[in-house]
Structures are given as structure tokens and as C-alpha cells.
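Data block below; observations after.
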Amino acid sequence: MSVDVIIVNSPNKNIDYPGLSLPVLSAALREKGYRVLQIDYNVILRDQILSQHGLNNLLECIVPFLCSEYCESEFHLLRLGQLNDYIKRLNISYRFSYLENVKFKVQNQEFEWVFSKEKRFRAYLELFKINRALHYIIDACILSHTELPSGFIADSIEGIFSDLISKIATDSPCLLGFSILDIQRGFSLALINKIRPSYDGKIVVGGPDATRFPEEYMKLCKGIDIVFVGESEESLPCLVNELKSANPKINAIPGIYYRKKSGAVRNNKSRPIDFNYNQSPDFHGLPLKKYLTPALPLQISRGCYWEKCNFCIHYDTYGTYHKRNIELVINDIKNLVSEYKTKYFHFTDDCISLALADKLTESIIHNKLDIRWLSYFRFEKGLNKNRLDRIYSAGGRVLELGLESASEKVLELMNKKVSISATKRIIEDASKRGFLLKLFMFHGYPGENINELKETIEFTQKRILEKKIRAFFPLRNRFELLRGSDIYESCRAGKNKYVKKMWESSGLFGIRGQYVSDINDTETIKLINEFVINIKKYMETEKIYNTDDENVMLDLIVMEHKNPKKGWHCI
Ligand code: SF4
């Protein structure tokens, strides 16, 4: 049976759980009666590589090939050498067949088996670690100018191109869409360039990266017909409706950049959408058994209710802050629990407000939903014991909070409006209640001096060692001056007294500005390195495994399944 629309998620991305954009768009299109095929080539490709054949081919063929063909700089040579050593060690410690077997067990949710032996759990952790290394390797394969040596991985990548070409030929969709994050840009553009000569329909892109760089996408890739900016679950069905009509007119569709017949690029302004539509995200068609945890994402609000931290550009993908009606959210949770048999959720909101948390937790408790979830909060004074109790009773287990610095002065410079005394109290209460707390921090904010950095390190280290917050390493990240943020603009206007010199972001997709401030770099690096070494040693001794973007949902699974006396821990 033919389909109206094919939407694609390209490599590269994490695979602990599926993304939300394709299921949201599929639901909106299916609700209007359109037939949709959603394909996650990222998880398909990575699942193939995370196998005995895939890893053997990586070690024996792909990494050596990249070492000879992709070494444009010492940085690449060093990186590939490290990867080569790492993959070799993996095979010696585990054997690739063992890793593949653990992957099968995880995909079948046999967690009791996985967590019952330390070696199995460590192998599970390695799957995430290899997955992280694959971001670089897959991009290198795509960007390498020489053809990949024939074999398993070359066939798998070629398989994506040929699979999509054959689906287009068989299904004749009127539209082929790509949802793109910055890390997916290279592969998505390669895929579009490959597909374009065989496809006459419209090729559209959307998602956070396309929203940030619509003109750049149009300029760089002539194969793209339309870029969607911001939310597109209302405008995409409108476009499909037009494309299926006798005389399609797209110049009234909001939130798009498109090419006129003359080749000139035009854009239509975005309109806020009504987030209170009835349909829940629809994951049908995605290979849910291939992800490394059984969790699903869901959004309760979009954008950030605070919107004032002056380094942040995170929230502006959605234009304005808007919330979903809580009855609809509860309905979404019920639908996803019953359709996909999961109890693990990532509420991917930028930040849940206390008022929204109250409504959400009361409704989850009232509806007796037995779920476990992770989400993001601010250190608001109102996050008191009662609220924390309610969040816990409603299944909240992992709370991620952006503190950034433990210095009141630096927080004031950032416009965080967070008090350190309230923060300390919340950490005490939440850790006693049994939450796993992850604090996001960075160093080097313009105006932060060495004493303030020491203050932040002491604050963090103390609470890690007391097991009140989870040990991990965001503090080693240096502050990034991002184009579009308030601080970027004030530096550009020469109004930030702590920034002595600034270079604007460069390149077509450049987003990071460079700057020189008063901070003593040598001393900063020394302090940060000491902190990282101390925490790494502590994690080794206490057998605390690392967490990062690849395994966001793992802690939640571990908290629920793992015998705390056996093997590695999350705190
Ligand atoms: S850092 Fe977080 S709380 Fe601050 S504006 Fe950005 S999303 Fe909102």
C-alpha cells in the first residue's frame, strides 16, 4: 500500500530511547487520515553495528581505513588511535559476541539477567560507550571523500540509501521529511543529496537545527524544498493537504521557508499552535525493541516558563512557553503505557514549573498511574518537602536541575535568580526522600573568578561525596557563548565588562563565539582537572558508573531493577 508521507530520523543520535518529533508528527498526520511511514535509520544502523559482525568490521576494517583516509589533522589521528585501542580492549575483555548477547537481553528487557552479574552490567554500560564513539565514526564515514571499504558497515550505510530509494519508488509519497538535530546534520544532508535525483516529491526538513538555521539549509542544500521553523504538527498536515490537491498553494502555510519558481527563498511567519490537540505521540512503525532502554519521551510543556537565564538559547525552539492540558497529558501517559507496555518516561520539557508539577503529580496519583519518570526543574524556593513527596509518590525518581554555579554572584550575573540556601535545602530534602539528583554546572562564566570557581567545586564535591547528588562531570565544560543569547549580544555590543575581547561565531552553521576574559586559565584548568580526577577516583572506589547524554534513562532503570548490593551503582 502506498503512503502519503515518509519521515526520517537519520544517524547520529543516542539510542537509549526514541526521539519524540517523528511520533508527534506521525500522530498529527494520521489524525488527518494520511498514511505515514516513520523510519529511525539511526537506531537501525547502530543496532547493526552493535553486533559481532559490526564490531569486527569496525575494528578490522573501518577504523584502520579512517586512520589512513580521514586523518586531516593530528586531532583526528589521535582520536582514531584511541578508538582503535578502545575497541580492541573491548574484544579482549568481553568478546564482541558477548556484547551482542547482552544487547539482545537488554532489548528484550531481561534486566534481572543483565543486573545479576557485574560483567553483564558492565557490558551494558559499554554498549552506551560504543554508541558515543559511533557519533564520530559514522560522521567520519559519511564525510570521508573516499569510498568505504566493502564490508558490513559500508553495506549497512549503503543499505540506508538504497532502502529509502526503494521505499520512495514503492510508496510514492508526496513528501519526504527529516527532523534534524545538529549532530544529525551531516548524515541528513548526505541522505538528501543521494535521494534527490530519484525523487520528484517535496523534501522538507525541520527540528531544532533546521529551526535555528533555515536560510543556511536552503542555501547549502538545493535538494531541500521547504524548511519548517518551530513546531510543525499543524503546518505539516496543511502542506500535505496542499500537495495532494490539484493546484497546491504553499504560500499561506505558516512557519516555513520555501523556494519560489524563480529560485528565490521566501518565508512565512510561524504561528503559535494549539498544544491541546487530542492525539498522543504515535510510535507505531518504529522498531521499539532496538533501543537500549524501554523508556519513552513525552512533553507536558514547551519552551521555558522562566526564559531569563542570559546564556540560554535552549527554549527558543518553541517561540513561546505553552503547556498541555493535564487531562490530555494523563491520557497520553495511559495511551503510551497501554500501547507500548512501558512504565518509564522522560518528560523532555525544558523545565517543569511548580504549578504544572502540582497539577501533574496530583493527576498521576489520582489516576493511580504506576510510572517512573525523569524531568527537569529549577531550584525554586517552593520546591519544598510536600512537593517533593508528591513528585516521588507520582513516580518522579530522577530530577535534573541546572544550577550552573554555586556562587551567588555568578548566579546573579547569569540572571538565574536561584538562592544557594534554598538549593542546599532542596538537595537535603530531595536526597533524603530518595531522589537521584543530577546537577548541571559549567565553569568560566564571564565574571567568575578563581575563588568563585573554588566555591562551586567545593559545593559540588562535598555533596557528591555525601551521596546527596549524582557524581558526573558537567562542571568540566567551559561556558559557551552562544549566538542568540542575551550575553552574546551584550558582549557583541561591548557592554560586558568581564569580556575583554570577543570573536563572533563564524562559518555557515557557526553558533559559538570566542572570548577572552580576566579568568586565569592555567589555574582554572588545574582546579577542574583536580576535581575530575578526585571524582573519577571516588566513582571507581564506590563503583558508580558514569552517565552522559547517551544513557539519560539508564539511572531510572537501574533504580528500579538493580540489586544495590551487586556491581555498579548510580550513586
Ligand atoms: S537555563 Fe533552563 S531555566 Fe534558564 S532559561 Fe534556559 S531552559 Fe529556562
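My numbering applies: residue 98 is where the sequence shown begins, and numbers increase by one. Ideal Cβ placement from N, Cα and C applies to all residues, glycine included. It should be emphasised that the depicted structure is a prediction, and the values quoted were computed from it without experimental measurement.
Exercise. Just the C-alpha distance for Lys659 and Lys440, rounded to the nearest angstrom, thanks.
Key: Position 562 of the sequence shown, counting from 1, holds the residue named residue 659. Position 343 of the sequence shown, counting from 1, holds the residue named residue 440. Spanning the two alpha carbons is a distance of roughly 16 angstroms.
Practice problem: Thinking Tyr473 and Asp446 are a contact (beta carbons under 8 angstroms), I'd like their distance in whole angstroms, please. | Solution: Start at 1 with the first residue of the sequence shown, and residue 473 comes out as number 376. Start at 1 with the first residue of the sequence shown, and residue 446 comes out as number 349. Between Asp446 and Tyr473 the Cβ distance is about 6 angstroms, and since that is below 8 angstroms, they are a contact.
Quiz prompt | Gly298 in three-state terms, based on DSSP | solution = By one-based count along the sequence shown, residue 298 stands at place 201. The DSSP-derived three-state label of Gly298 is coil.
Quiz item: What alpha helix (DSSP H) runs, 4 residues minimum, are completely inside the segment 156–188?
Solution: 160–166
Exercise. Would you decide whether Trp210 is buried or exposed? Buried here means 16 or more other CB atoms lie within 10 Å of its CB.
Key: By one-based count along the sequence shown, residue 210 stands at place 113. The residue is exposed, with fewer than 16 neighbouring Cβ atoms inside 10 Å.
Quiz prompt | Where the beta strand (DSSP E) through Asn364 begins and ends | solution = Counting from one through the sequence shown, the residue named residue 364 turns up at place 267. Asn364 -> beta strand (DSSP E) spans 362–364.
Quiz prompt | DSSP state of Ile449 mapped onto helix, strand, coil | solution = The residue given as residue 449 occupies position 352 in the sequence shown. Of the three classes helix, strand and coil, the one that applies to Ile449 here is coil, per DSSP.
Quiz item: Sorry if obvious, but does the Cβ on Arg421 come closer than 6 angstroms to a heavy atom of the ligand SF4?
Solution: To locate residue 421, count along the sequence shown from 1; it is residue 324. No, Cβ of Arg421 sits at least 6 angstroms from all heavy atoms of the ligand SF4.
Self-check item: Contacts around His150, its chain only, beta-carbon distance under 8 angstroms, and the 5 residues preceding and following it disregarded
Solution: By 1-based counting over the sequence shown, the position of residue 150 is 53. Closer than 8 angstroms at Cβ, skipping near neighbours: Phe249.
Quiz prompt | For Gly360 and Ile353, the rounded distance between their alpha carbons | solution = Numbered from its first residue, the sequence shown carries residue 353 at position 256. Numbered from its first residue, the sequence shown carries residue 360 at position 263. Each residue's Cα considered, the two are about 15 angstroms apart.
Quiz item: Between Ser170, Asn154, Leu142, which lies nearest to Lys185 when the distance is taken from Cα to Cα?
Solution: Residue numbering aside, residue 185 sits at position 88 when the sequence shown is read from its first letter. Minimum Cα distance to Lys185 is reached at Asn154.
Practice problem: Using 6 angstroms as the cut-off, classify the Cβ of Cys164 as near or not near the heavy atoms of the ligand SF4, replying yes or no. | Solution: For the purposes of this step, residue 164 is identified with residue 67 of the sequence shown, where counting begins at 1. Not under cutoff, so the answer is no.
Self-check item: Where Gln396 falls, given that 16 or more other Cβ within 10 Å makes a residue buried
Solution: Taking the first residue of the sequence shown as 1, we reach residue 396 at position 299. Buried, because 16 or more other Cβ atoms sit within 10 Å of the Cβ of Gln396.
Self-check item: Cβ-Cβ distance between Tyr355 and Ile323 below 7 angstroms
Solution: On the sequence shown, position 258 is the one that residue 355 refers to. On the sequence shown, position 226 is the one that residue 323 refers to. Contact: yes.
Self-check item: Beta-carbon proximity list for Val613, same chain, < 6 angstroms, skipping 5 on both sides
Solution: Position 516 of the sequence shown, counted from the first residue, corresponds to residue 613. Cβ neighbours of Val613 beyond the five flanking positions: Lys597, Lys598.
Quiz item: Between Glu330 and the rest of its own chain, which residues show a CB-CB distance below 8 angstroms, the 5 nearest in sequence each way excluded?
Solution: Here the question's residue 330 lines up with position 233 in the sequence shown. Same-chain partners within the cutoff: Val121, Leu122, Ala124, Ala125, Ile370, Tyr374.
Self-check item: C-alpha gap between Ile616 and Asn643, whole angstroms
Solution: Reading the sequence shown from its first residue, position 519 is the one you call residue 616. Reading the sequence shown from its first residue, position 546 is the one you call residue 643. Distance between the alpha carbons of Ile616 and Asn643: 29 angstroms.
Quiz prompt | beta strand (DSSP E) segment containing Tyr191, residue limits | solution = Translated into the one-based positions of the sequence shown, residue 191 becomes position 94. Note, Tyr191: premise wrong, no beta strand (DSSP E); not H, not E.
Quiz prompt | N- and C-terminal bounds of the beta strand (DSSP E) containing Tyr355 | solution = As a first step, residue 355 must be located in the sequence shown, where it is residue number 258. In the DSSP assignment, Tyr355 falls within the beta strand (DSSP E) that extends over 353–356.
Quiz item: What residue does the alpha helix (DSSP H) around Asp429 start on, and which one ends it?
Solution: Taking the first residue of the sequence shown as position 1, residue 429 is located at position 332. Its alpha helix (DSSP H) spans residues 423–437.
Exercise. Check whether the Cβ of Gly335 lies closer than 6 angstroms to any heavy atom of the ligand SF4, and answer yes or no.
Key: Taking the sequence shown and counting its residues from 1, the one referred to as residue 335 is at position 238. Contrary to the premise, residue 335 reads as Cys rather than Gly in this sequence. No; taking the cut-off as 6 angstroms, the Cβ of Cys335 has no heavy atom of the ligand SF4 nearer than that.
Quiz prompt | heavy atom of the ligand SF4 below 6 angstroms from Tyr412 C-beta | solution = On the sequence shown, residue 412 is found 315 positions in, with the first residue counted as 1. Tyr412: yes, Cβ under 6 angstroms from the ligand SF4.
Quiz item: Counting along the chain, where does the alpha helix (DSSP H) carrying Gln149 start and finish?
Solution: Here the question's residue 149 lines up with position 52 in the sequence shown. Where Gln149 is concerned, the enclosing alpha helix (DSSP H) stretches over 149–154.
Quiz item: Can we say the segment 262–273 touches the segment 293–307, given the rule of at least three CB pairs closer than 8 angstroms?
Solution: In short, these stretches touch, since the Cβ pair count reaches three.
Self-check item: Between the CA atoms of Tyr418 and Ile235 - distance to the nearest angstrom
Solution: Within the sequence shown, residue 235 is the residue found at index 138, counting from 1. Within the sequence shown, residue 418 is the residue found at index 321, counting from 1. Taken atom to atom, the span from the alpha-carbon of Ile235 to that of Tyr418 is near 35 angstroms.
Quiz item: Going by the C-beta, is Gly499 closer than 6 angstroms to any heavy atom of the ligand SF4?
Solution: Start at 1 with the first residue of the sequence shown, and residue 499 comes out as number 402. Yes; taking the cut-off as 6 angstroms, the Cβ of Gly499 has a heavy atom of the ligand SF4 nearer than that.
Quiz prompt | Host alpha helix (DSSP H) of Asn290 (start-end) | solution = Locating residue 290 in the sequence shown gives position 193, where the first residue counts as 1. Residues 282–292.
Quiz item: Ala145 lies in the beta strand (DSSP E); which residues open and close that run?
Solution: The sequence position of residue 145 within the sequence shown is 48, counting from 1. Correcting the residue identity first, residue 145 is Gln in this sequence and not Ala. No beta strand (DSSP E) holds Gln145; the alpha helix (DSSP H) holding it covers 138–146.
Quiz item: Which residue from Ile449, Asn106, Met656, Ser99 puts its Cα closest to that of Phe380?
Solution: Here residue 380 is taken as the residue at index 283 of the sequence shown, counted from 1. When the alpha-carbon of Phe380 is set against those of Ile449, Asn106, Met656, Ser99, the nearest one is in Asn106.
Quiz prompt | Near the ligand SF4: Glu404 beta-carbon under 6 angstroms from a heavy atom | solution = Indexing the sequence shown from 1 puts residue 404 at position 307. Yes; taking the cut-off as 6 angstroms, the Cβ of Glu404 has a heavy atom of the ligand SF4 nearer than that.
Exercise. Please state if the CB of Tyr131 and the CB of Gln102 are separated by a distance shorter than 7 angstroms.
Key: In the sequence shown, residue 102 corresponds to position 5, counting from 1. In the sequence shown, residue 131 corresponds to position 34, counting from 1. The sequence shown places Val at residue 102, rather than the Gln named in the question. Contact: yes.
Quiz item: Going by DSSP, what residues sit across from Gln611 in a beta bridge?
Solution: By one-based count along the sequence shown, residue 611 stands at place 514. In the DSSP output, where bridge partners are listed per residue, Gln611 has Trp600.
Exercise. Put Met538 into one of helix, strand or coil per three-state DSSP.
Key: As a working mapping, residue 538 is identified with position 441 in the sequence shown. Note: Met538 maps to strand in three-state DSSP.
Quiz item: So Ile323 is in the beta strand (DSSP E); what residue range does that whole segment cover?
Solution: The residue given as residue 323 occupies position 226 in the sequence shown. Run containing Ile323: 323–325, per the beta strand (DSSP E) assignment.
Self-check item: Any non-hydrogen atom of the ligand SF4 closer than 6 angstroms to Cys271 Cβ
Solution: Position 174 of the sequence shown, counting from 1, holds the residue named residue 271. No, the ligand SF4 has no heavy atom inside 6 angstroms of this Cβ.
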